[in-house]
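Peer 1: For the record, the sequence lines run as chains A, B, C and D. Residues 12 to 203 (our numbering) are what the first sequence spells out, left to right. Residues 12 to 203 (our numbering) are what the second sequence spells out, left to right. Residues 12 to 203 (our numbering) are what the third sequence spells out, left to right. Residues 12 to 203 (our numbering) are what the fourth sequence spells out, left to right. Glycine included, each C-beta is placed from N, C-alpha and C at the ideal position.
Number of protein chains: 4
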Amino acid sequence: MPKVVSEYKELARERILDSASKLFYHVGYHNTRMDDIAKSIGVTKGTLYLYFKNKEDLLIMACQRNVTLLEESLKNAIKSDFLDSFDEFFEEEMRMPDYVRFHWIFSLTEVETNNRIKEILAESYRKYVDLIAAVLEELMEKQVISATVDSVLLAQMLIAFHNGILTSMLQGLGQDESVSMFKSGIRLLLSV
Amino acid sequence: MPKVVSEYKELARERILDSASKLFYHVGYHNTRMDDIAKSIGVTKGTLYLYFKNKEDLLIMACQRNVTLLEESLKNAIKSDFLDSFDEFFEEEMRMPDYVRFHWIFSLTEVETNNRIKEILAESYRKYVDLIAAVLEELMEKQVISATVDSVLLAQMLIAFHNGILTSMLQGLGQDESVSMFKSGIRLLLSV
Amino acid sequence: MPKVVSEYKELARERILDSASKLFYHVGYHNTRMDDIAKSIGVTKGTLYLYFKNKEDLLIMACQRNVTLLEESLKNAIKSDFLDSFDEFFEEEMRMPDYVRFHWIFSLTEVETNNRIKEILAESYRKYVDLIAAVLEELMEKQVISATVDSVLLAQMLIAFHNGILTSMLQGLGQDESVSMFKSGIRLLLSV
Amino acid sequence: MPKVVSEYKELARERILDSASKLFYHVGYHNTRMDDIAKSIGVTKGTLYLYFKNKEDLLIMACQRNVTLLEESLKNAIKSDFLDSFDEFFEEEMRMPDYVRFHWIFSLTEVETNNRIKEILAESYRKYVDLIAAVLEELMEKQVISATVDSVLLAQMLIAFHNGILTSMLQGLGQDESVSMFKSGIRLLLSV
DNA sequence: GATGAATGAGCTTTCATTCAT
DNA sequence: CATGAATGAAAGCTCATTCAT
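1) Between residue 189 of chain A and residue 109 of chain A, what straight-line distance do the alpha-carbon atoms span, to the nearest angstrom?
2) With H, G and I counted as helix, E and B as strand and the rest as coil, what does DSSP make of residue 182 of chain C?
3) Can residue 190 of chain B be considered in contact with the ligand SAM, in the sense that its beta carbon sits closer than 7 Å to one or more heavy atoms?
4) Considering only C-alpha positions, which residue in the set A:42, A:18, A:41 and A:49 is nearest to residue 28 of chain A?
5) Could you pull out every residue in the same chain whose Cβ sits closer than 8 Å to the Cβ of residue 151 of chain C, ignoring the five residues on either side in sequence?
6) Measuring alpha carbon to alpha carbon, tell me which of B:138, B:160 and B:133 ends up nearest residue 148 of chain B.
7) Determine the burial state of residue 196 of chain D: buried for a count of at least 16 other Cβ atoms within 10 Å of its Cβ, exposed for fewer.
8) Does any C-beta atom of chain C lie closer than 8 Å to the C-beta of residue 65 of chain D?
9) Check each residue of the stretch 136-158 of chain A: if its Cβ is closer than 9 Å to any Cβ of chain B, include it; give the result in chain order.
10) May I ask which residues mark the beginning and end of the alpha helix (DSSP H) holding residue 122 of chain D?
11) So, with DSSP's three-state summary, where would you put residue 172 of chain D?
12) Name the chain D residues that come within less than 8 Å of residue 123 of chain C, Cβ to Cβ?
13) One question on the structure: do residue 181 of chain D and residue 122 of chain C come within less than 8 Å of each other, judged by their Cβ atoms?
14) If you measure from the beta carbon of residue 179 of chain B to each beta carbon in chain A, is any gap under 8 Å?
15) Leaving out five residues before and five after residue 24 of chain B in sequence, what residues of the same chain have Cβ atoms less than 6 Å from its Cβ?
16) Output the distance between the C-alpha atoms of residue 141 of chain C and residue 76 of chain C, rounded to the nearest integer angstrom.
17) Taking only three categories from DSSP, how would you classify residue 107 of chain C?
18) Determine the chain A residues that contact residue 28 of chain B at a beta-carbon separation under 8 Å, and present them in chain order.
19) Taking Cβ to Cβ, would you say residue 171 of chain A is nearer than 8 Å to residue 176 of chain B?
20) Among C:125, C:145, C:116 and C:52, whose alpha-carbon lies nearest the alpha-carbon of residue 38 of chain D?
21) When DSSP labels each residue in this structure, what does residue 157 of chain A get in the three-state scheme?
22) Is residue 8 of chain D buried or exposed, if buried means 16 or more other CB atoms sit within 10 Å of its CB?
23) With residue 146 of chain C and residue 89 of chain C assumed to form a contact (beta carbons below 8 Å), what rounded beta-carbon distance in angstroms separates them?
24) Taking Cβ positions only, does residue 72 of chain C come closer than 8 Å to chain D?
25) In chain A, which residues lie less than 8 Å from residue 100 of chain B when you measure between Cβ atoms?
26) Determine the contact status of residue 169 of chain B and residue 200 of chain B, defining contact as a CB-CB distance below 8 Å.
27) At a CB distance below 8 Å, what residues from the stretch 105-123 of chain A approach chain B? Give them in sequence order.
28) Any C-beta of chain A sitting closer than 8 Å to the C-beta of residue 174 of chain B?
29) Measuring CA to CA, which of D:34, D:128 and D:107 is closest to residue 83 of chain D?
30) Is it buried or exposed, residue 137 of chain A, if we count other Cβ atoms within 10 angstroms and call 16 or more buried?
31) Would you say residue 35 of chain C and residue 70 of chain C are within 8 Å of each other, going by their C-beta atoms?
32) Please report the Cβ distance between residue 203 of chain C and residue 119 of chain C, rounded to the nearest whole angstrom; I am assuming they are in contact, meaning their Cβ atoms lie under 8 Å.
33) Between residue 153 of chain C and the rest of its own chain, which residues show a CB-CB distance below 6 Å, the 5 nearest in sequence each way excluded?
34) Would you report the Cα separation of residue 117 of chain B and residue 44 of chain D, rounded to the nearest angstrom?
35) Please name the residue, chosen from A:135, A:42, A:19 and A:41, that lies closest to residue 85 of chain A on a Cα-to-Cα basis.
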């Protein structure tokens, strides 16, 4: 019985987080009312407080969830140890909903204010660096790329380039352009 | 006489914009009270409304001002037509206060909501692309870099890389690391 | 179930409108604070906004309500087709609370500014003219009054006289004097 | 010298009062800003305070001035002791600017709040009653009208009718209709 | 679990008034 | 006499949060 309840609650939580994420992305955290979130999933304000302590908690949980979704997507794409697994990752990322893909950029706004968000993003950043650096080392071993540069620095450069493209998309860069820019960019950075 | 008045008012405007920019950056637009801005420069709330229509107007003007400051900084640094004028630009940028350097990232949050901000950032983006593409073409002519790639695409890649580094800095990347990453990254992207 | 809720809300609306009407009359619309209205019925400001969009909306609804209350009072009094049904109407009117009886005079202040108020009062004026003209025609048919004058013009004259007495009351004319002035006045105007 | 200054000041006062009256009538006392009044006569806010203690003082003085203007107009028209001197008065009144003619209706709004306004209007009311009652008595002596009714009561009825027509004009009654309604109405009330 | 009426602190904005020049 | 920059008290309104049902 508690299992069932728990599953139901988990489902409800997910629905709230998903809808909140969309709203936070599309109209901004501060422009989103608890009422808007509630209405968007057909419940009333009070219900949200059964699942989340307060609005900030909801933001943090949404941030955490989107970070996790993206990380899982990366891990899946990156399992092949070839260069184009990066391409696959980016294409996979492009398939994710915008409010998941871009959430971190908007969460950055809260970084100076909210320590929990800062930690989540920083930890995620570290994970990405580690993961990609490991892949790069494999590629170096297999001599797909040359081993002259520090793999961590290279990973950081790839991430920066990737993140930069996403910000450009927010300023109007098209998706196809982004994909091709990503592909040729990382090859230049890896001197392939 | 009116000239004097106008100078005084212009100065007052500048002080408000500068202080507002700092606060918008450090605690966020929505977390900044008109009262905070007023107090930070030793006046009262009412005074702000002598210079700006409302809070949103203040945000837009601050955004515009920071964009302009950055653009001027770029134009000055980029006047020499050698490759390391890019380095100079980035170093110059690092010397600017954080609330000017990073303002656009935080303004992105308002992009989905505020059309005026969107226009300002989009126009600035276009200017940068044009300016850098022009420099790149000069460098191609002088055969400092090879002329095989489209200069606009290359410019967009450089900008993306640059912007990505800034986002990484917000996630904890140090300033020295950023500078060296920028220098080596653009050389890789330009295949120099 | 929704019926019950709706009844409760309807009741709450009525209480707000009634108390707001009183305050608007006694201290003036612009001198009445939302806080005052709220406190007068033992709720807080926020509650008012659950029932009315804003202060102006509250004014318009109060105006509408008072117009309706007066109109109903007129219709009831006027059902007998004798001359003294006018007397009954005026006496009935005197029994209504001052803030209902005089509201229209105070609403006139907003007429130049607020189109909705203007429409409400203008429509009410037309209704009164029609209603009274119809009664006058009946009285003419029954030869209670002579049929030499235009019934609409006569109705307008009666209304003007009636309204004028109300303004005099605001300038200090006593209620008993008003009643007797009304009774003899309309008889003079109708040449009875 | 002081005479000249005083004349100048008197002129300035008049200009302010006149312009303030217009604005109070056309947009309402509470919707009129000191700034609006100042701008309307090409000075700055501060100047108003050289001539009037505060905004309320300005209202009271404006009210007083308009009352006086109307009273003088009445006295001039009424000097002939024939019945149609009433007609002349009304026609004269129609020639005055609306913001003088209607000011008292709008001042009524402040009656419940502002004792000074209340006194001014009450005193004016008394003056009118006395003046008209005196005229009526002359007319009774000359047997222009029958002497069966109390002249004061009759005066009050005439005033009420007159005031009522003005309120009707605010609700849309045309000027020509008003004049003819006035003329026939007072003849009915006086049984002439 | 869910509701939704009520709260009240806190925000942006307005504007009559002052006063150094 | 006149200015106009500055004030600050006070207003309307919002919305995250609570809690009796």
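Peer 2: On the basis of the data shown:
1) Take the alpha-carbon of residue 189 of chain A and the one of residue 109 of chain A: they are about 14 Å apart.
2) Coil, per DSSP.
3) As presented, the structure is devoid of all ligands, the ligand SAM included, so that no description of it is given.
4) For residue 28 of chain A, the nearest C-alpha among the options comes from A:49.
5) Taken in chain order, the residues that qualify are 157, 158 and 162.
6) Proximity to residue 148 of chain B across B:138, B:160 and B:133 peaks at B:160, based on C-alpha coordinates.
7) Classification for residue 196 of chain D: buried.
8) Residue 65 of chain D does not count as touching chain C.
9) Hits within the stretch, in order: 136 and 137.
10) Its alpha helix (DSSP H) spans residues 114-122.
11) Secondary structure of residue 172 of chain D (DSSP, three-state): helix.
12) Neighbours of residue 123 of chain C on chain D, chain order: 36, 37, 38 and 39.
13) Contact: yes.
14) Yes, its Cβ sits closer than 8 Å to a Cβ of chain A.
15) The answer, listed in chain order, is 62.
16) Whole-angstrom Cα-Cα distance: 20 Å.
17) Three-state DSSP puts residue 107 of chain C in coil, outside helix and strand.
18) What residue 28 of chain B touches in chain A: nothing, since even the nearest Cβ is about 19 Å away.
19) Contact: yes.
20) Taking only the C-alpha atoms, the option nearest residue 38 of chain D is C:125.
21) The answer is coil: DSSP assigns residue 157 of chain A none of H, G, I, E or B.
22) The displayed coordinates of chain D run from 12 to 203. Any statement about residue 8 of chain D would go beyond what the structure contains.
23) At roughly 6 Å, the Cβ-Cβ gap stays under 8 Å, so residue 146 of chain C and residue 89 of chain C are in contact.
24) Answer no: the Cβ-Cβ gap between residue 72 of chain C and chain D never drops below 8 Å.
25) By Cβ distance, chain A contributes nothing, its closest Cβ being about 16 Å from residue 100 of chain B, past 8 Å.
26) One thing to note: residue 169 of chain B has its Cβ within 8 Å of the Cβ of residue 200 of chain B.
27) Answer in chain order: 116, 117, 119, 120, 121, 122 and 123.
28) Proximity of residue 174 of chain B to chain A, defined by a Cβ-Cβ separation below 8 Å, is satisfied.
29) Residue D:107 is the option with its Cα nearest to residue 83 of chain D.
30) Under this definition residue 137 of chain A is an exposed residue.
31) Yes, the Cβ-Cβ distance between residue 35 of chain C and residue 70 of chain C is below 8 Å.
32) The beta-carbon distance between residue 203 of chain C and residue 119 of chain C, rounded to whole angstroms, is 31 Å. This is too long to meet the 8 Å contact definition.
33) Around residue 153 of chain C, the same chain offers no residue with a beta carbon nearer than 6 Å, after the five sequence neighbours per side are excluded.
34) For the pair residue 117 of chain B and residue 44 of chain D, the Cα-to-Cα distance works out to about 38 Å.
35) Nearest of A:135, A:42, A:19 and A:41 to residue 85 of chain A, Cα basis: A:135.
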